[in-house]
Amino acid sequence: MRKKVEGLLVLLGKRATTDPFELALYQYDLAAVPALLSRPLFRTLPDVVVRPSSLEEVSSVLKHAALHRLPVTPRAAASTAYYNAVPTRGGILLDLNGLRGILRVDRERATATVMAATRWKELDDELRYKWGLAVKSYPTSAPASTVGGWFSMEGWGVGSLQHGCMHGQVLRAQAVLPGGEMVELTPNSDPPLSWFAGSEGTLGVITSLELSLRPAPEAECHHLIAFGDFGPLQEAAGTMASLEPKPYHVHFADSTFTRVIKRAGFDTGAPLELHLLSVHYQGSRAEVKAAEGLMAGIIREKGWKELDRDLANQEWENRFSEIRAKRAGPTLLGAEVMLPVAGLARYVQAARGLGHKAGIPIYTYGAVVSPDWCQPNSFFPTDERHARPYLTALGLTKALQDRAAPLGGRPYGVGVWNTPYLGRIWTSGVRRERRRRKARLDPHGILNPGKLYAPPLLLHKPFFGLGMNVLALLRRLARPAGLGVG
Amino acid sequence: MKELRETKKLFLTTPLDEATICARCGACNAVCCTHREQDWESTSPRGWLTILRGLADGSGHISDIPPDFVDRVFNCTTCGKCGQVCPVHIDLRRLWLGLRGEIVERGEGPAFVEQMNGVVAREHNVFDFPNDERAEWVEFMSDAPDHRYQKEKAGVLYYVGCVSSFSPAAQGITRALAKVLEESGTDFAILGGEEWCCGFPLMAAGLRKDAQAMIEHNLERLRSLGARTVVFNCPSCYHMWKHEYHLEGVELLHHTEFLARLIREGLLNLGMLEGVVTYHDPCDLGRNSGVYDPPREVLNSIRGLTLAEMLHNREEALCCGGGGDFEMLAPAMTQKIATRLVQEAVDADAQRLIVACPQCKRVEISGADALNAKLQIIDIAELVREAMLSAKRVESKQNQGGADGPS
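Each protein sequence line maps, in turn, to chains A and B. In terms of my numbering, the first sequence opens at residue 1 and continues consecutively. In terms of my numbering, the second sequence opens at residue 1 and continues consecutively.
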């Protein structure tokens, strides 16, 4: 291996390293996975980390990798939680953070070409400041996550209700294929742009993207509505998602979320016993004024309980920091789900019931991303430093997915850890087609191996199911005392 | 995409607990100015927390701190932006400073720490100059009063600080502020050679105990002077006094706050100045002390000036690169960091970049030189002094009967 990576040290000079002190830090993402679980499955330690600063350098690295059949794991912010950007077979860690910044803006067409590792928030801030434009949608991890990263994932988030999935906002992209070939991807190219959307860096390395934009909003307004039961909240969420003009963003949270947040040290001032639905409009002054009138009318007509505007504004300000609940942990476990809006209330009820049974406060929050679909995230605090309770709590993540499945739900994002659910995520036809694309573009399977297409042996159905059932049994036997929230 | 509130609640429990609470989201990495220049994960706040998590045993004890990690932890300007954006609200600045303290206490700090400690212990300033030369800047004033601002008793202590006392690039601030205070009728004094380093460079180097001697001496001099207000033009001195001196009954004000008060009370006669200016919020004044409005109040009170904000301002302001002893360790990287900030000022179409910190001024001038930027960089006190002189010129013309300037 040493010989195989030496060429990269020559190629990238000081932007390549095999220093073990450095390599060790590229083994992680947001997931808290105990070593005893990850070590038998994967070799997460890369052999070399390289930091290319151009399309051409990415191409050189991939040519070298293809020549020596070295696995390559592309990575920038590494702000996902399914090992999407963590090596599974060592090899080359391709750190793309050197590809950061805006390349071109076309104010008239309202488009921007940006390098793949540009952060969403920095992009949006600069667009607003310099060009009076704004991105159409962004993930709730916008301060950290990258444009290329979100395109490679599923691309639903803040603003999706009004502007759809982020994949549809990408007009073209530059990429390097696994053999090192540099290609321009468009809807009509071969391979087409659409293949790379949500492909989690397994088909090629995206280096830049052209995005369609919107005029920077002149105004915004925020409403926070409280419900005693989740059923009426679901109905209200459906009503909001079907409104014309559509809100920019609709967000929900159950009462357990507010309680866990309070336990984490943040008293938001929201009533602890009520579930919350927040509705956010952005646009021109006239549009927002009209939306204010529309919202006031609906709230009055339906007799909903609207909370103070300061609370609503605060809800908006906190859209990037829902993860602050982690202070109640220090670890969070859970499940991110795509679910029909019609199943939301039953899912939340099931998640809460699961938590109640386990004596663990499981909270749910998320966004309505289209008139029909929402994206609930259910989490619970735990502590990764205590192996036994942590491992038994891990079984709850499958239980949450199992509650979502009968309601038409599926895991959001795949990476490694959701590969056991591939059968729920895509039909067999879609999976077959995805495998065909992979075989065509990456016949040696060197690009981001171990993700997206099939679970590793120990996560195959019989082992995975058995393991999770054992954890569930252990949890029932050692049910912890109630945690005082929930 | 504004989402940060100006007063953010930050937490600090134990280093290991905080390292476990860290979500590894990388929001800190995205804004860290030193990481931006180096880009390796080990040079990032997230990387440090990951290392910390790996170093601690089950009880949270850290037995060995690898030299590589020591290097990284001192590779930081302590600007506090990492904590400001942290979605789990970790007080990362305090965490880094505590970690430096732990490293130094174990005798494993970088060489410059002990060198600096020796200099400050001997000379009571970080510049290694004889401390009785602290007030030499007064000698360059043609119109300083006979007492040279050193008095037995005064209502206000103007605590000048090491950089403003000794650095030629910063002494203009000191002279300007002294004249502004004098002409406003403020009863103030400086301590001259009896002013010692505030202790901030020692704290930043992990030498908390050694800073205590500085604190005690300065407090003793304050008591002797009898001042009830202390004014600082250095945000780091201001921050140090506010957080480590534990004073009661004494008002501590940054000069931007004091100038805004003098203007509000009608004690400064400000004339007209023209042009577009932008303002840089120093880390220890803005993000780390919460003072954002007074400097803007001062700038907006000068007729004819247009204030254009930079892309990153207030709590999101960029760091100049010169804080937390970082310039002593890596002057070239400090300059690179400064160029990013200067570029933002240029992008704001400003002719002048107004600062409120002597270290920012020094470093940003160097950044502007590197960029070859046509931008004048001056402190807010110098700008106020200029506005007062402008008023005087108009008055003088009017007195001569040839008034044609703006009133």
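All C-beta atoms, glycine included, are put in the ideal place defined by N, C-alpha and C.
Run down chain A in chain order and give the residues with a C-beta less than 7 Å from the C-beta of residue i.
i	result
Gly80 (chain B)	None at all; the shortest Cβ gap to chain A is about 16 Å.
Val88 (chain B)	Ile323, Arg324, Lys326, Arg327
Thr50 (chain B)	Leu25, Tyr28
Gly47 (chain B)	Leu25
To the nearest whole angstrom, what separates the beta carbons of residue i and residue j, a pair I think is in contact under 8 Å?
i	j	result
His444 (chain A)	Trp316 (chain A)	Contact flag wrong, Cβ pair sits at about 47 Å.
Leu16 (chain B)	Arg53 (chain B)	7 Å
Glu316 (chain B)	Ala338 (chain B)	That belief does not hold up - the Cβ atoms of Glu316 (chain B) and Ala338 (chain B) are roughly 17 Å apart, past 8 Å.
Ala32 (chain A)	Tyr82 (chain A)	Rounded, the Cβ-Cβ distance is 12 Å, inconsistent with contact.
Val72 (chain A)	Ala78 (chain A)	Incorrect: roughly 15 Å between the Cβ atoms, too far for contact.
Asn75 (chain B)	Thr13 (chain B)	Actually they do not touch by this definition, with Cβ atoms about 24 Å apart.
Ala19 (chain B)	Ala144 (chain A)	Contact flag wrong, Cβ pair sits at about 17 Å.
Phe379 (chain A)	Ile360 (chain A)	Between Ile360 (chain A) and Phe379 (chain A) the Cβ distance is about 10 Å, and since that is not below 8 Å, they are no contact.
Is residue i close to chain A? Criterion is C-beta to C-beta, closer than 7 Å.
i	result
Thr278 (chain B)	no
His61 (chain B)	no
Trp40 (chain B)	yes
His35 (chain B)	no
Leu311 (chain B)	yes
Thr20 (chain B)	yes
Asp210 (chain B)	no
Lys8 (chain B)	no
Ala381 (chain B)	no
Gln400 (chain B)	no
Asp64 (chain B)	no
Pro15 (chain B)	no
Leu389 (chain B)	no
Arg24 (chain B)	yes
Ala27 (chain B)	yes
Glu3 (chain B)	Unreliable positioning characterises Glu3 (chain B) in this predicted model, as indicated by a pLDDT of 41, which lies under 50. The coordinate reading is nonetheless provided below. Answer yes: the Cβ-Cβ gap between Glu3 (chain B) and chain A drops below 7 Å somewhere.
Thr43 (chain B)	no
Val85 (chain B)	yes
Gly290 (chain B)	no
Can a CB atom of chain B be found closer than 7 Å to the CB of residue i?
i	result
Ser79 (chain A)	yes
Tyr28 (chain A)	yes
Ile323 (chain A)	yes
Asn97 (chain A)	yes
Leu25 (chain A)	yes
Arg327 (chain A)	yes
Phe320 (chain A)	yes
Phe21 (chain A)	yes
Ala144 (chain A)	yes
Arg51 (chain A)	yes
Pro361 (chain A)	no
Using a cut-off of 8 Å between C-beta atoms, extract the partners of residue i located in chain B.
i	result
Arg119 (chain A)	Ala30
Glu384 (chain A)	Thr20
Thr331 (chain A)	Thr20
Nearest to residue i by alpha carbon, out of the options?
i	options	result
Thr207 (chain A)	A:Leu272, A:Ile102, A:Leu67	A:Ile102
Tyr238 (chain B)	B:Glu216, B:Asn288, B:Gly249	B:Asn288
Phe196 (chain A)	A:Ser54, A:Met153, A:Thr113, A:Ala144	A:Met153
Arg327 (chain A)	B:Gly155, B:Asp91, B:Arg208	B:Asp91
Pro215 (chain A)	A:Thr268, A:Met182, A:Ser255, A:Gln282	A:Gln282
Phe188 (chain B)	B:Gly155, B:Cys198, B:Gln212, B:Val180	B:Gly155
Leu37 (chain A)	A:Gln375, A:Trp426, A:Thr392, A:Asp402	A:Thr392
Lys8 (chain B)	A:Phe266, A:Tyr412, A:Arg437	A:Phe266
Ala85 (chain A)	A:Gly415, A:Glu108, A:Asn469, A:Ser199	A:Gly415
Ala286 (chain A)	A:Ile261, A:Ala219, A:Lys302	A:Ala219
Asn469 (chain A)	A:Asp442, A:Asp402, A:Trp417	A:Asp402
Lys179 (chain B)	B:Gln359, B:Tyr159, B:Val355, B:Asp143	B:Asp143
Starting from the beta carbon of residue i, find every residue of chain B whose beta carbon is closer than 7 Å, and list them in chain order.
i	result
Gly265 (chain A)	Phe11
Tyr129 (chain A)	Leu311
What in chain B is Cβ-close to residue i, meaning under 9 Å?
i	result
Tyr390 (chain A)	Per Cβ cutoff of 9 Å: no residues; Tyr390 (chain A) is ~12 Å from chain B at best.
What does residue i touch in chain A if you count any residue whose Cβ is under 9 Å from its own?
i	result
Asp68 (chain B)	Asp19, Phe21, Glu22
(request) Starting from the N-terminal side, write out each stretch of the beta strand (DSSP E) that is 3 residues or longer and does not extend beyond the stretch 125-197 of chain A. (result) DSSP runs (the beta strand (DSSP E)) wholly in the stretch 125-197 of chain A: 133-135, 170-176, 182-185.
(request) Return the chain-ordered ranges of every alpha helix (DSSP H) run that is complete within the stretch 80-126 of chain A and spans a minimum of 4 residues. (result) For the stretch 80-126 of chain A, not a single whole alpha helix (DSSP H) run of length 4 or above is found.
(request) Within the stretch 310-395 of chain A, note down every full alpha helix (DSSP H) run reaching 4 residues or more, in order along the chain. (result) Within the stretch 310-395 of chain A, the complete alpha helix (DSSP H) runs of at least 4 residues are 344-358.
(request) Starting from the N-terminal side, write out each stretch of the beta strand (DSSP E) that is 3 residues or longer and does not extend beyond the stretch 261-324 of chain B. (result) Runs of the beta strand (DSSP E) inside the stretch 261-324 of chain B: 275-279, 305-307.
(request) With a floor of 4 residues, list each alpha helix (DSSP H) that falls wholly inside the stretch 51-135 of chain B, ordered by position along the chain. (result) Segments of the alpha helix (DSSP H) lying fully in the stretch 51-135 of chain B: 67-73, 81-85, 92-105, 111-123.
(message) Restricting to runs no shorter than 3 residues, where is the beta strand (DSSP E) found entirely within the stretch 246-317 of chain A?
(response) Segments of the beta strand (DSSP E) lying fully in the stretch 246-317 of chain A: 249-253, 275-283.
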